[in-house]
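Engineer:
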Amino acid sequence: MDNMIVRNSSASTRVSKSVKDKAIKNLAKRGITLSEFLRFAVGKAADDDIELLNFLDTPEALQGKSEVENGNIEKIGSLDDLDKWMDNL
């Protein structure tokens with residue numbers, strides 16, 4: 538009984554059904570359940586052993602940053618155009 542892990546707390550989150558279904562499918566390919574993955578992820582976070590994905594360091598973002606810094610950009614509209622587009626979303 539000394540080796541028994543007591544799980545006496547829960548955590549929850551809400552995601553779309555399609556995201557959940559995709560996650561279950563992809564995790565199953567690796568032989569783990571969604572619950573197992575979440576327990577693992579929360580445990581890693583508790584141990585401060587996490588590496589967050591930084592979208593600003595992706596090859597695409599770095600390429601875009603380089604293009605802007607070197608003036609290699611194409612203007613496709615104004616801020617007013619963006620505002621109008623967002624208003625129609």
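Sequence positions in the sequence shown follow our numbering and run 538 to 626.
Every residue gets a Cβ at the ideal spot worked out from N, C-alpha and C, and that includes glycine.
Here the structure is a predicted model, which means the values were calculated and not measured.
(1) Would I610 and E604 be called neighbours here (beta carbons separated by less than 8 Å)?
(2) Do I531 and L571 have their C-beta atoms within less than 8 Å of each other?
(3) Can you give the Cα-Cα distance for P596 and E573, rounded to whole angstroms?
(4) State the DSSP-derived secondary structure class of S572, mapped to helix, strand or coil.
(5) Give me the Cβ distance between A598 and F592, rounded to the nearest whole Å; I'm assuming they're in contact under 8 Å.
Structural biologist: In short:
(1) Here residue 610 refers to the residue found at position 73 of the sequence shown. Here residue 604 refers to the residue found at position 67 of the sequence shown. Yes.
(2) Residue 531 lies beyond the residue range present for the chain, which begins at 538 and ends at 626; the question has no answer from this structure.
(3) Residue numbering aside, residue 596 sits at position 59 when the sequence shown is read from its first letter. Residue numbering aside, residue 573 sits at position 36 when the sequence shown is read from its first letter. So the alpha carbons of these two residues sit roughly 31 Å apart.
(4) Locating residue 572 in the sequence shown gives position 35, counting from the first residue. Helix.
(5) Sequence index remark: in the sequence shown, residue 598 carries index 61 (1-based). Sequence index remark: in the sequence shown, residue 592 carries index 55 (1-based). Correct: roughly 6 Å between the Cβ atoms.
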